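Q: Attaching a single structure in structure tokens format; questions to follow.
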DNA sequence: ATGGTAGCCCTGCTA
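Residue numbers (the numbering used here): 2 to 262.
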């Protein structure tokens, strides 16, 4: 089975690139973030014609998350639900669905803006809410993958320069501890399981200052998965070509393969 | 050249 995550930075602007990706990437499940679309504007039929069922938690101008699947979609959840307070209430940042033999979750973790700030504090609270939500609906024994834009680089080797990001969001000890808490619950950073030590493996490059061509990036798009999936991962890659060419997103897709019984 | 680009919807805000 092949799963992938991609922050497309507006599905309206990026639809041709997403169609192109679906044509060559051979993914079974694709989790998308930052659709920036209302549900009524989501291109369900376009994806259907390409062989994918899709579900969308849309908001309009900002955020918006989706799941595309060619192995079925059921048991859809939109956001944290009524029992868990959302520190970013009103934002469309989470959708989950059963896709074939696994549950896929598409998350768009809040950016946090600056340190310190109210937005940063609520980013950490959002991670805590995610942990509560996982606990409420799943167990570490489930075949569960939480894919998305975490807006956290888990380790120093996941950024092009530690000094450049000193004092910024995405690299603070508290944010990294929030990701680690998910791993403590039972999730594995599957990309790092395949590439444990390699540096320079990024998934996001700022549009500004030619960062992509200067290899100034960050690895903030993660595929966390429980052992039922993580123990069977055979391949993981960043599709850097998707960051090149005409009207690219500032993020590249991250693809993970695992064997199914 | 004193921080740059992309996307949104009023041209300032968010990333």
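Idealized CB from N, CA, C, for every residue including glycine.
Only a predicted model underlies this, so the values are computations on that prediction, with no experimental measurement involved.
For residue 220 versus residue 159, is the C-beta distance shorter than 8 Å?
A: Residue 220 sits at position 219 when you count from the first residue of the first chain. Residue 159 sits at position 158 when you count from the first residue of the first chain. Contact flag set, yes.
Q: Does the pairing of the region 155-170 with the region 212-232 give three or more beta-carbon distances under 8 Å?
A: yes
Q: Please confirm if the region 171-191 is in contact with the region 22-42, defined as three or more CB-CB distances below 8 Å between the two stretches.
A: no
Q: For residue 148, which of 23, 34, 11, 44 has the nearest alpha-carbon?
A: The count along the first chain starts at 1 and reaches residue 148 at position 147. If you compare the alpha carbons of 23, 34, 11, 44 with that of residue 148, the shortest gap goes to 34.
Q: Relative to the C-alpha of residue 261, which residue among 100, 251, 75, 114 is closest?
A: Residue numbering aside, residue 261 sits at position 260 when the first chain is read from its first letter. Comparing Cα positions, the closest option is 100.
Q: Is the beta carbon of residue 88 sitting closer than 8 Å to the one on residue 150?
A: Your numbering for residue 88 matches position 87 in the first chain. Your numbering for residue 150 matches position 149 in the first chain. Contact: no.
Q: Report all residues from its chain with a CB closer than 7 Å to the CB of residue 79; omit the five preceding and five following residues, and keep chain order.
A: Here residue 79 refers to the residue found at position 78 of the first chain. Within the same chain, residue 79 has close Cβ partners 58, 96.
Q: Since residue 120 is in the alpha helix (DSSP H), which residue starts that stretch and which ends it?
A: Here residue 120 is taken as the residue at index 119 of the first chain, counted from 1. 119-138 is the extent of the alpha helix (DSSP H) around residue 120.
Q: Mapping DSSP to helix, strand and coil, what is residue 31?
A: In the first chain, the residue the question calls residue 31 occupies position 30. Three-state DSSP puts residue 31 in a strand.
Q: Find the nearest neighbour of residue 263 within the set 250, 14, 195, 132, judged by alpha-carbon distance.
A: Only positions 2 to 262 of the chain appear in this structure, which leaves residue 263 out of reach.
Q: Give every residue of the same chain whose Cβ lies closer than 6 Å to the Cβ of residue 12, excluding the five residues on either side of it in the sequence, and list them in chain order.
A: In the first chain, residue 12 corresponds to position 11, counting from 1. Taken in chain order, the residues that qualify are 36, 38.
Q: Could you check the C-alpha separation between residue 90 and residue 74 for me, to the nearest Å?
A: Reading the first chain from its first residue, position 89 is the one you call residue 90. Reading the first chain from its first residue, position 73 is the one you call residue 74. The alpha-carbon atoms of residue 90 and residue 74 are separated by roughly 25 Å.
Q: With H, G and I counted as helix, E and B as strand and the rest as coil, what does DSSP make of residue 54?
A: Taking the first residue of the first chain as position 1, residue 54 is located at position 53. If DSSP states are grouped into helix, strand and coil, residue 54 belongs with the strands.
Q: Pick helix, strand or coil for residue 230, following the three-state DSSP scheme.
A: Taking the first chain and counting its residues from 1, one reaches residue 230 at position 229. Three-state DSSP puts residue 230 in a helix.
Q: Using a Cβ-Cβ cut-off of 7 Å (strictly less than) and excluding sequence neighbours within five positions of residue 202, which residues of its own chain qualify?
A: Walking along the first chain from the start, residue 202 turns up at place 201. Result list for residue 202: 196, 220, 239, in chain order.
Q: With a CB to CB cut of under 7 Å and the five nearest residues on each side skipped, what residues in its chain are close to residue 27?
A: Here residue 27 refers to the residue found at position 26 when the first chain is read from its first residue. Only 3 meet the Cβ criterion.
Q: Nearest to residue 77 by alpha carbon, out of 107, 85, 172?
A: Counted from its first residue, the first chain places residue 77 at position 76. The option with the nearest alpha carbon to residue 77 is 107.
Q: Between 51, 129, 206, 92, which lies nearest to residue 72 when the distance is taken from Cα to Cα?
A: One-based indexing of the first chain puts residue 72 at position 71. Comparing Cα-Cα distances from residue 72 to each of 51, 129, 206, 92, the minimum goes to 51.
Q: My guess is that residue 272 and residue 188 are in contact by the Cβ rule of under 8 Å, so how many angstroms apart are they, rounded?
A: Past the edges of the chain, shown from 2 to 262, lies residue 272, and the structure says nothing about it.
Q: Exposed or buried, residue 168, counting other C-beta atoms within 10 Å across all chains shown (16 or more means buried)?
A: By 1-based counting over the first chain, the position of residue 168 is 167. Under this definition residue 168 is an exposed residue.
Q: Look at the alpha carbon of residue 104 and the alpha carbon of residue 66, and state the distance between them as a whole number of angstroms.
A: The residue you call residue 104 lines up with position 103 of the first chain. The residue you call residue 66 lines up with position 65 of the first chain. The straight-line gap from Cα to Cα measures roughly 15 Å.
Q: Start and end of the beta strand (DSSP E) containing residue 7?
A: On the first chain, position 6 is the one that residue 7 refers to. That run of the beta strand (DSSP E) goes 3-8.
Q: Between residue 248 and residue 94, is the Cβ-Cβ spacing less than 8 Å?
A: For this step, residue 248 is matched to residue 247 along the first chain. For this step, residue 94 is matched to residue 93 along the first chain. For residue 248 and residue 94, no; Cβs fall outside 8 Å.
Q: Between the C-alpha atoms of residue 47 and residue 23, what's the straight-line distance to the nearest angstrom?
A: Start at 1 with the first residue of the first chain, and residue 47 comes out as number 46. Start at 1 with the first residue of the first chain, and residue 23 comes out as number 22. Answer to the nearest angstrom: the Cα atoms are 11 Å apart.
Q: Which residues in the same chain have their Cβ closer than 7 Å to the Cβ of residue 121, if we skip the five residues on either side of it in sequence?
A: On the first chain, position 120 is the one that residue 121 refers to. Closer than 7 Å at Cβ, skipping near neighbours: 113, 114, 115, 170.
Q: If we ignore side chains and look at the alpha-carbon of each, how far apart do residue 191 and residue 253 end up?
A: Position 190 of the first chain, counting from 1, holds the residue named residue 191. Position 252 of the first chain, counting from 1, holds the residue named residue 253. Answer to the nearest angstrom: the Cα atoms are 17 Å apart.
Q: Assign residue 152 to buried or exposed, taking buried as 16 or more other Cβ atoms, counted over all protein chains shown, within 10 Å of its Cβ.
A: On the first chain, position 151 is the one that residue 152 refers to. Buried.
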